[in-house]
Amino acid sequence: MSDHYPLPETPAQQNISFELNGEAVTRSASDAGTLLDILRESGQITSARPGCRVGRCGACQVLLDGCAVPSCLVMAWQLPGRHVQTVEGLNKDPDFLAVRDALASESALQCGYCTPGFAVSLVAGIRQRRQGSKVDLTECVAGNLCRCTGYGGLRRAIARLAAPGCADEADGRSTSEQEKL
Amino acid sequence: MTSENLQGAVRKLMTLDGNSVRNATSKMDLAPRIEGGLAYATDQRHLPGLLHGAILRSTCAHALITRVDTSRALNMPGVHAVIKADDVPGLNRFGIVIRDQPVFCDDRVRYEGDAIAAVAADTPEQARAALDAIEVDYQPLPVVSDASLAEQQTAIHSSHEEHGGSNLLVRETLECGDIDDALSRCTVIAEHHYQTPRQMHVFMETEGGVAIPDGKGGVLFRVGCQSGHRDVEQLADILGVAREKVAVESMATGGAFGGKDELTVQPAAGLLALKTGRPVMIHLDRFESCRAGIKRHPVSVKMTTGCDAAGRLLAHKVEAVLDTGAYASLGPAVLENYLDHATAPLYRIEAYRVSGRLVYTNNGVCGAFRGFGGNQATFAVESQLDELARGLGIEPATLRRINLRSPGDAGSRNQTVRWTAPPADVLAAAVASPLWSRGDTDNGRWLTGTGMAMGAQGNGLGDGLPDSGGGRISLSPAGRICVEFGFTDYGQNIVESITRSVCNGVGCREADVEVVLGSSRGPDSGPTSASRSTVLVHGVLASILPRWMDAVRGHAARVSGQPEKGLEFGPGGIFSDGRQVLSYRELAESTNPGGMTANASQDFPVAPDSEHPVGRYLQLQIATVARVEVDRITGRVRVTDLHHVTAAGPVIYPPGYLGQIEGAAVMGQGMTLTEDMTAHEGRYQADNLDQYLIPTFHDAPLQRVDVLDNTPEDDPYPVRGVGELGIEAVAPAITAAIEAATGVRVRRLPVDPGDLLVAMAAQEQNL
Ligand code: FES
Ligand code: FES
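Sequence order for the protein chains is C and P. One rule links them: number in my numbering = place in the first sequence (from 1) + 526. One rule links them: number in my numbering = place in the second sequence (from 1) + 1182.
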């Protein structure tokens, strides 16, 4: 067992072009670099956050061509020609605003470190549902960990998002029921 | 919010739910946190000249260091500095209670995460590559890995070698009455061993932040932490500079739970910043955080508890061993709190002897963690009560009812206690939980059961520790009522709760209040721990606000020419006859900056009459009812519902209160069902979140929180902190529910599904 996580010798740098929040960008990255590294190195994107770097916590979640993915698992070489969105670029998006309002009014966050990741997962889920997929919003956050809240506020926020008349069309699945003890 | 009367005795019961949250959620914007706009300590990449630091950790759990050679690392690309033990200008030691942990090990490593050297380089990759180039020779020593045997093995600290060669750090006993006599009179005695795991905090933001040199020999730290003022003292001693040279500025912190109470990256970052003259960021990745970070003390305990035929508790004997790992950290205080909770503070017991030993091992380092030893003790105590109830053939709730203390009774340490509701009322509300009516069911595969446990917890740091805190109020130049405390915000809703208290006290609106936290240049409020901040905030505001408002009113009268008597604080400014005469901004402009400031500080309330000050004067209580499903095929346990009844005084900020209870409870569930950082020969067996499993959304139960607030009118400290209360009774409630479902009592946490299956099979054979 190595004494810290393995690193390539001296990784070669290369320029990678992709679309970030609607703008074409070119960033220098090493072959071993991840999308998470690229986003954070610029200092401008802080909403994608490292929590584990092994795809387990969802704190680094972003939209890649509209799908929610952990950016720590997206390699730099996979990026050319792809569209990346983070919450910084979603602040006019109606789906994001619905998610934001649901999270805020249900007080679904404490430290907030995990929150943009949850928001990204939910935005992706709402869009899929609108397109007719039978997606359970609670399944969309299965890959997001939160250590502060115990998920109570998140559960309430998801119930609100899945309720009829919300940005999302309810289809009678479990999320739309206001579960109560 | 709904009010209902339960069994007449309960005067005020309020259910906190989605509605209470929505009605009360602060209009203060949570939006920036969701939009990614809030800067965390580990977000500060924009600083000019920023270097990245990395720390070399030991590869051995216990060894002598015979050589450290950094020369090759110094010549690596991008490297600006490499430092080790002899580069520490001041004290090469830290620790909140005992300074026994080296910043960089000089002669010996005592756990796998021990720091040996650190590097600052242009990029994180360069820094880590340089770590690989540092050569260290070790001479391995026998590893002390079993806490129960640690005292017989050679001491891992040479200072202890001199004192008889023991790894025993602290041994403490609390006693009351004649235990042997009491035991001899018991009708039923339960004697069992219990074990609780080495839980990891798993704050989502791992330890990290930036040290920024001021160019004049001083350093500013922006690192996720819990106690700015205390950190300043330790850091000044390490850096070998005067305290005035060190400042701590708090940043939003992505969770702490006790795990950032001790210094983390600050010493290495500060030393590198001074050496290079440039800001240095260190951010541990999860692998390093798992290996080097503080954990919860694993406890192994034997309890012998007895009662008479009427169910009255007579005797209670406790022998506990707590594994503090390689360094003391807050271990001695955790032991003290463990012992206090092991005296079963909720119940009258004729005699007890509660003793514990805190030992050094090479199993990482344990320290503060939400619950602080208390919940480990409560797990065993509550389990013992269930055993006695079974022995007597009575309901667990009945046994508790017989023994619960009443308001007016002394506490278990013979101290005066202030309850916010009679303990019997808390029990009555839990007994009335709708969960019981669902019954224990068996659908062939899933067995369901419901169980209950209670817990009590005192606010404050505990015995003998200096525990005071101050705050300051002023009018900012922009016309906002500025309230400063030294606490840090790591997500415990402290800003919202302070704002709410100020609004209630002053009569202004939320937009008029500005809360400034966590600067070491600001007031010293003491550590953000032990559920103490809420109590201190409330106490300080209660003493400061009337004075300050009088002064401001007087000033407003002079400025406006209106009679002082008719002036009132309101939204946006000062009013007379319902009409605004001055805005806060106009008021601020009419005075010198800092001209309208008031300070106050107060000691944390402790029991007034006891011989030596014991904490646990302000008691909180909780009863948790858990409903579980146990899979007959896999032994897996699902917690479907948790219903809590809490008594911790009035609710200041409902979303915060609810969130703290819910969050702590799920953390307790993790400790009960999945979480354990096991060590083998001093080597941790998990190194990231794919192996160390914390509850996910789908593991989290439905929860309900009923708040019981019968705080007497004359209680001088009505408001209590609930940051730790939710974790207190979860584990024993879950194991009681498992017993209701399966007939098996689990005494070792986390519950092992395999062991549970075997025990269930044995149980069914016996039937
Ligand atoms: S950092 Fe990407 S999933 Fe955890
Ligand atoms: S709010 Fe802190 S991790 Fe989710």
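Even for Gly, the Cβ is constructed at its ideal location relative to N, Cα and C. These figures come from a predicted structure and were not determined experimentally.
*With 16 other CB atoms within 10 Å as the buried threshold, where does glutamine 1945/P fall?*
exposed
_Within a Cβ cutoff of 8 Å, which residues of the same chain sit near asparagine 1870/P, ignoring the five residues on either side of it in sequence?_
Arg1468, Phe1469, Cys1472
*asked:* Could you check if glycine 1908/P belongs to the surroundings of ligand 2, using beta carbon to heavy atom distance under 7 Å?
replied: no
*glutamine 636/C CB to nearest chain P CB: under 8 Å?*
yes
*Is there a Cβ from chain C that is less than 8 Å from the Cβ of alanine 1955/P?*
What is shown of chain P runs 1183 to 1949, which leaves residue 1955/P out entirely.
*asked:* Let's test the definition: count the other Cβ atoms within 10 Å of the Cβ of serine 1366/P and tell me whether it reaches 16, buried, or not, exposed.
replied: exposed
*Any Cβ of chain C within less than 8 Å of the Cβ of glutamate 1344/P?*
Because the pLDDT of glutamate 1344/P is 49, which lies under 50, any placement of that residue in the model is unreliable, and the number read from its coordinates should be weighed accordingly. Output row for glutamate 1344/P: interface = no.
_I need the residues with a C-beta less than 6 Å from some heavy atom of ligand 1; please give them in chain order._
Pro576/C, Gly577/C, Cys578/C, Arg579/C, Gly581/C, Arg582/C, Cys583/C, Gly584/C, Ala585/C, Cys586/C, Pro596/C, Cys598/C
_If you reduce the DSSP assignment to three classes, tell me which class proline 1578/P lands in._
helix
_Check: leucine 1884/P C-beta below 7 Å from any heavy atom of ligand 2_ = no
*Hey, glycine 1553/P and cysteine 637/C: beta-carbon distance below 8 Å or not?*
no
*Is glycine 1436/P near ligand 2, going by C-beta to nearest heavy atom under 7 Å?*
yes
*How big is the Cα-Cα spacing for glycine 559/C and glutamate 614/C?*
21 Å
*In the DSSP assignment, find the unbroken alpha helix (DSSP H) run with methionine 1942/P in it and report its ends.*
1935-1948
*asked:* Quick check on DSSP: helix, strand or coil for glutamate 549/C?
replied: strand
*Under a three-way DSSP split, which group does histidine 1523/P fall into?*
helix
*Alpha carbon to alpha carbon, what distance is there between isoleucine 1726/P and valine 1694/P?*
A small correction: the amino acid at residue 1694/P is aspartate; valine does not occupy that position in the sequence shown. Cα to Cα, the separation comes out at about 17 Å.
*Report yes if the C-beta of arginine 673/C is less than 7 Å from at least one heavy atom of ligand 2; otherwise report no.*
yes
_Beta-carbon gap between glutamine 1408/P and proline 1709/P smaller than 8 Å_ = yes
*Give a single yes or no on whether leucine 635/C has its beta carbon closer than 7 Å to a heavy atom of ligand 2.*
yes
_Supposed close pair proline 1306/P, alanine 1393/P - CB separation, criterion 8 Å_ = Rounded, the Cβ-Cβ distance is 16 Å, inconsistent with contact.
*asked:* DSSP three-state label for alanine 1243/P, please.
replied: coil
*What does serine 573/C reach in chain P if we use C-beta pairs closer than 8 Å?*
Glu1217, Gly1218
_Under 8 Å, Cβ to Cβ, is there at least one residue of chain C near glutamate 1663/P?_
First, the amino acid is wrong: residue 1663/P is isoleucine here, not glutamate. No, isoleucine 1663/P does not count as interfacial toward chain C.
*asked:* Applying the 10 Å Cβ sphere with the 16-neighbour rule, what's the burial state of glutamine 587/C?
replied: buried
*Taking 8 Å as the CB-CB cut-off, is cysteine 674/C touching chain P?*
yes
*Is there a Cβ from chain C that is less than 8 Å from the Cβ of tyrosine 1672/P?*
yes
_alanine 1911/P beta carbon less than 8 Å from that of glycine 1637/P_ = yes
*Under 8 Å, do lysine 1266/P and alanine 1299/P count as touching if we go by C-beta distance?*
yes
*Which residue comes first and which comes last in the beta strand (DSSP E) that contains leucine 1890/P?*
1884-1890
*Check whether the Cβ atoms of alanine 1789/P and glutamine 1597/P lie closer than 8 Å to each other.*
yes
*Starting from proline 1837/P, find everything on chain C with Cβ-Cβ shorter than 7 Å and list it in chain order.*
Ser633
*Take valine 1827/P as the anchor and find which of Val1500/P, Ile1909/P, Gly1399/P has the nearest alpha-carbon.*
Ile1909/P
*Helix, strand or coil at methionine 1731/P according to DSSP, with G and I counted as helix*: helix
_Close Cβ partners of valine 649/C (< 8 Å) along its chain, the five nearest in sequence each way excluded_ = Leu589, Ala594, Leu616, Asp619, Asp621, Phe622, Val625
*What distance in whole Å lies between the Cβ atoms of proline 606/C and serine 543/C, which are believed to be in contact at a cut-off of 8 Å?*
6 Å
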